[in-house]
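Residue numbers (the working numbering), protein chains in the order written: chain A, 271 to 874; chain B, 381 to 671; chain C, 7 to 348; chain D, 209 to 816. Ideal Cβ positions, reconstructed from N, Cα and C, are used throughout, including at glycine.
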């Protein structure tokens, strides 16, 4: 859990290193705005992981501390370090135009987990028991994250899981070659260690032998629905909007079920030519599993094109290296079966790219009369998953996507029943689910205790000296070492990515700009001599006559001027700043100071 | 220490600066001094001082000689006169005598003042012309690319003292004290606030005021008069120093290797203009002299 | 309008050059800027194989004398890499942090050699043939009578291979799905063409796909290509010839439609009315087959450039996508391809 | 289109902002070229601001045959700052190379990058200069050296020689400086190795057998200082002034080592006064200054003439009048040097035309001064002071002072310091010589030296006539004719640095079968009138190109010979262009007869 604002924490080596004990905390919107603007990776992370700080710890050779900082935001670092969708890297300042490639944030997260001591001790500061009981339905990322935080906050938590093993999609959706099961087991176990009761093989629902929601509401002070999206979305076809055609068609299956059954232990086979329809991680996983099951020709059919699908470039490249082909701009419109009812071809319509969807993806618009056929022996459809509500004996309000509707307090329309994760958001990413689990837990705690117990503030710590060297900026991004193609084939268990060694991790860590370092000029002591501008590595120090203030009170762009009588201040544009420290060294009046500005939780 | 931690909110600061108004005393063009040069501090200080004293831009004249410091007039938006090497004092005197309403600020470097121009200063001081002379002392010739000056420390190596400078440097404060300049003070480029305050007092003074300003030359003096060293050495004149006591002032001026910052000596006596008025008065009252 | 129009052309190949000339003819006053990563003024890529006939001074290679650009007031900006195009503000941003405004933009950035993903990490061991410098390097690194290994064998590569065998080098062609790119032909015709190549002296390996390239020893061959079936082939240089992929990275933020290439209507306009595209970079709407299709080939590319330029200045002419796409053997057994026409 | 000459004749132009290390890079380049055994002519232009933002440009012409001026067209331009370099792109010839930063960090306005200005016929080399430096050293400071390395790599100049020069150049700085710059240089070379060379610029092997080791790279000022030292100078007094300071700096470093005395005085007035004092006492003493300083010194020049004290004043002219153009070249102090001062104060004025000449004139100046007991002015200008040339000095010192002869006195004869002799030269004694005591003064005086106006006319005649033989001083070239002998269409008369361009003009014109001859005049006072008149007899037209507005030398010539001359004057602060002289030459040939009166044109006028 986030560090609380007490001297106790400055004792341990960790995020406060590199600065003295002098710090203040602020709740000014401009300071929150600064962190939001200047630490784009953290802002982009649904769980709000304090990325610069954990990378700094790796650079300091303390993977253990780095792991702990990760765990404050996300209890499953080792898992996310492997399979996260990395919204952070897309926003990394190092990847901005002219700055090179983003830092391998995700690989470093994994490095922290891989490289911590074998006997690593977790850092959990526990609250006193609250006497409250909470039931959580579903042990996926959202459920696990919530269970951990709630138990930490002193509540008595029980988790109900339908399957034999906890983990939800992590255990039943993601293949082992991307996520080794011992890692999964260790981290889920750690998350639930603080006295959480885990009941697997227990289904909540109305069927016989199943526990009805009503009885849970009676036995517990609060219930959290975190059952995720456990049903594949049907494939709509031209003359068959509900996609009945899929059912009972031989060698045609929904990728979600295919993987679920495989992980339950069923033996799976595929034909020579495998066609995959879909554009997400599931689609890629299906394709790569098919490759390992011996398919000779695996093709992924996309509505748009590979530039616009929500998976990482690395995943696409690895898939291609495993001889998987991606073909774009096509929508399936009909399925062709041979006489004995086995799939033999898919009919597609040619698409053209349309405008942008609100989620930043592209629209694909089928072109009338452009249909064509592609033959296949196995069809796997992975166009998404949806929530199911049949487990509920009482109706709850649903939103227009048919997902549970929750308020700002994460409570459903039923008093004391909360919801989080894909069950609320619809099929999304693991890190999103973790983030929601934590937020829901926070809200539930507030509801259970009748008042918020913690709030977020900006902690501003003095930093004595620049922590980086200019030379670091020229280190190339280190790619994740992978297993040779030959060793991967036909081995579903062999993890493809082999991880960074300590040296590689530290080299990559050097690349991080440590964006949470705030360089500022004390204008009262500035003599406008421009010594700092003279040594600046980029256009990062500016002569300004004003600054835009956003509606929310945060700062916008600097307004620059070269007219001497308008230069009100010489100011460091922290968005251009790459924290190299050159200006700090040369200032004649020592009016440049450095602070580390971090979001931390504070006792109310 | 915590002032480093306390957040600064730029727009508040900028409002404050704009409201204060001293920016309007700057010229449009950026100073061409080396980045880091102490003279930027003087530039900032003078604009603040003129602003504080409410002297209209058109009533201020900045006169200078030749040298880095003497580029000054180009960077302030007042009347300015960039004259010849060392000849600042006579030009400034002429301007002042022509129009008492003007505030005349003469500026020069240590070479311009005490080498070629050394002969002019005693007379400007003796006559108590109501002008302010600010000498930016960086102990080096910047514009001719780093030769020694009359205030260069002993043992300093420059292109013209490759085997070290063995000459004893001049002591401007002692010189000016002995010239009886009627206001004498010292400031330092690295203390912008104090500098601005001293400039304000010097210009406000009636009579010849001499402000000596210590400044590093970041380009040609990497060893002797650096910000680092000066920051260690500078200190303030003691509170109880009596600025009317010339001998005490001389003792203070000669007390330390780097004399203290502050006002050493203040004296109220007739200015050259007042003496001329007095001569006119006597002339009018005296009986006509026979042919 | 008060100030003359500014036409910016990205790329200085035959499409870009043809466009520039057309634009100048159409409007004596307009400003024309060509942005290219190349270091030479315009020359015809299809002349490059002649380097192996000793035509190696770049000044002989130029299609027009350098003064042509001064006389026609065409600002040729070399070593300029466009990193971003803002279709709304009508600005392009160059790698060296310069921003250049335009009234109309013509993208002729062409294509770069495609390299099969499983060989991407071997790029340093391969020789390109896309520019004068590249072919000169090949010319320099290939010893007299040496052995060149071509992977894929697109029509550009085949052109070069034929020149090589003619000038006394030995050539091996390892086929891939892209062989004969951009032509799509029946297996039977494919066999015929490959046989014809063999007659000309090219060693054709049509058995297995290449999986590895390694630097050989100092004594032995400089390059060793490994096939899927384990066979190893020794040579002096390895040339990827698997067709072109459109160079569009810098257009991703421009807000125009992209699939493999820039998607354009038959008038070669993109989804932004100020931005046009021509040559190997664009995919043109084929209203008959309802698909966006590339129209490669020297002639097509040049025509596209001129036509796009015309349309930028208000003419409304369509590019006929039903261009002839034929590869065959003449009675003499020589390969004739519409791709090579110019 | 200008084609490169056979053999090596390459001109590099390195352009940047003050503080980019432009001049330093040029310096390393020229020294390396000299060490390789090439003939080098180089000239730097820099702004008065120390590290402000002004333009610096360093041009280096390296060739295997002796040349006399810079070429109008450079073969290579290296831009360290596009804003400053863009105006110079035009000076690069076709198929020459332009090297520039293609990875700048500052936002550039449209057209702010040099690539927008390179003509299609020129060859662009864009590369990450700053990045190379930062990767090699962690800092951008070595951009200049990285670019230099790139050029050296591109034109395969041996890195070893550059390493040596870099090590020498930074010998006084901490080792790290040399190491960093060497790394930056090598990184540049390496980067160039990866590019494909397209230009036709090539540095061959030097033809001259003379190994680079014998050749010395000198500026005009350096040559003057060396001449002084070889002549056994004993005392030097000076005051810093651009562009003469480097003479003083050289003296400050070298003179004490020779057992001589150096003093930086508080101003020019005291500098020349001290020099005069030392000269009076018998020492070989000198000072150096520029126009503004000379203006201050004229009163002491007068005293030197009046008191017949030998000393030497080197004057390096810059743009005037007044503070003028401190860092621009001009030849407008001729009048001041020859006539400056009160009364009829003729002195000897020598104006060398190239660096070798600076060395020889400075070497002989003291002997001349002592022979005629008078001040000698060495008149050069910024262009010559700062321009580098390769000089191969004689193995043995030819300037060493000869033992002084003490005047012999007959019995009961009274020593007369200013005795009126046939030659006008009086026996001179110096303090310390027994029986020869006397007094000198600035007042007019009699033969003994006592104040008196009785012999004013005789004394004036003496002070003038004693100097005339100097025009044939043994071993000194006071004037020299080049080009076609006999009658010629046009004769050019030149002096000082401009003579380099005049000589280049001659060689260009000879290729166009025009009959041309040129004469250089080294001694400007007294003037070798007979030789000049004889030369003018051979010329249909006489053209006098010089870098001042009024044609001060032309005035002097027509005044002395009473014949018409055509003036070609220019005050752009830059050396005169060969093309401009050539254009005027052709204009004269096309105009039928010599103009009745002397016409007056400026180089601008010619261009218009």
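Asked	Found
Element boundaries [beta strand (DSSP E), containing residue 251 (chain D)]	247-253
Alpha-carbon spacing of residue 547 (chain D) relative to residue 601 (chain D), whole angstroms	33 Å
Contacting positions in the stretch 308-324 of chain D - beta carbon closer than 9 Å to chain C	308, 309, 310, 311, 312, 313, 314, 315, 316, 317, 318, 319, 320, 321, 323 and 324
Per-residue DSSP class, three states only, for residue 219 (chain D)	strand
Where the stretch 116-128 of chain C meets chain A: residues whose CB sits under 7 Å from a CB there	123 and 124
Alpha-carbon to alpha-carbon, residue 521 (chain D) and residue 506 (chain D)	11 Å
Range of the contiguous alpha helix (DSSP H) that encloses residue 326 (chain A)	321-329
Interface residues of chain B facing residue 479 (chain D) [CB-CB closer than 7 Å]	Near residue 479 (chain D) there are no residues of chain B at all, since even the closest Cβ is about 11 Å away, more than 7 Å.
Whether residue 395 (chain D) touches residue 354 (chain D) by CB criterion (8 Å)	yes
Cβ contact (3+ pairs, closer than 8 Å) linking the stretch 566-576 of chain B and the stretch 629-646 of chain B	yes
Minimum C-alpha distance to residue 645 (chain A) - residue among A:512, A:683, A:546 and A:843	A:546
Residue 193 (chain C) at chain A interface by Cβ criterion, 8 Å	no
Test item: CB-CB of residue 619 (chain A) and residue 594 (chain A) under 8 Å	no
Any C-beta of chain D under 8 Å from that of residue 107 (chain C)	yes
Beta-carbon neighbours of residue 295 (chain D), restricted to chain G and to distances below 7 Å	In the displayed structure, chain G is absent; the protein chains listed are A, B, C and D.
Which listed residue (A:397, A:800 and A:837) has its alpha carbon closest to that of residue 816 (chain A)	A:837
Straight-line Cα distance separating residue 632 (chain B) from residue 616 (chain B)	11 Å
Under 8 Å from the C-beta of residue 542 (chain B): neighbouring residues of chain D	460 and 461
Any C-beta of chain A under 8 Å from that of residue 560 (chain D)	no
Buried versus exposed, by CB contacts within 10 Å (16 or more), residue 274 (chain D)	exposed
The stretch 571-585 of chain D / the stretch 605-615 of chain D touching (three or more Cβ pairs under 8 Å)	yes
Residue 328 (chain D) versus residue 74 (chain C): straight-line alpha-carbon distance, rounded	9 Å
Rounded C-alpha distance that separates residue 667 (chain A) from residue 400 (chain B)	60 Å
Endpoints, the alpha helix (DSSP H) within which residue 509 (chain D) is located	499-515
CB contact check: residue 328 (chain D) to chain C, cutoff 8 Å	yes
Closer than 8 Å to chain C by CB, residue 285 (chain D)	no
Own chain, CB closer than 6 Å to residue 362 (chain A), minus 5 neighbours either side, in chain order	311, 372 and 373
Residue 589 (chain A) to residue 638 (chain A) span [Cα, whole Å]	31 Å
Which residues DSSP lists as bridging residue 866 (chain A), in chain order	A:731 and A:787
Those runs of the beta strand (DSSP E) which lie wholly inside the stretch 758-834 of chain A and span at least 3 residues	787-791, 811-819 and 825-830
Within 8 Å of chain A by C-beta, residues of the stretch 254-275 of chain C in sequence order	258, 263, 264, 265, 266 and 269
Inter-residue Cα distance where the pair is residue 317 (chain A) and residue 706 (chain A)	8 Å
Cut-off 8 Å between Cβ atoms - residues of its own chain near residue 536 (chain B), not counting five sequence neighbours on either side	519, 528, 544, 545, 601, 603 and 604
Neighbour-count burial assignment, residue 129 (chain C), 16 or more Cβ in a 10 Å radius	exposed
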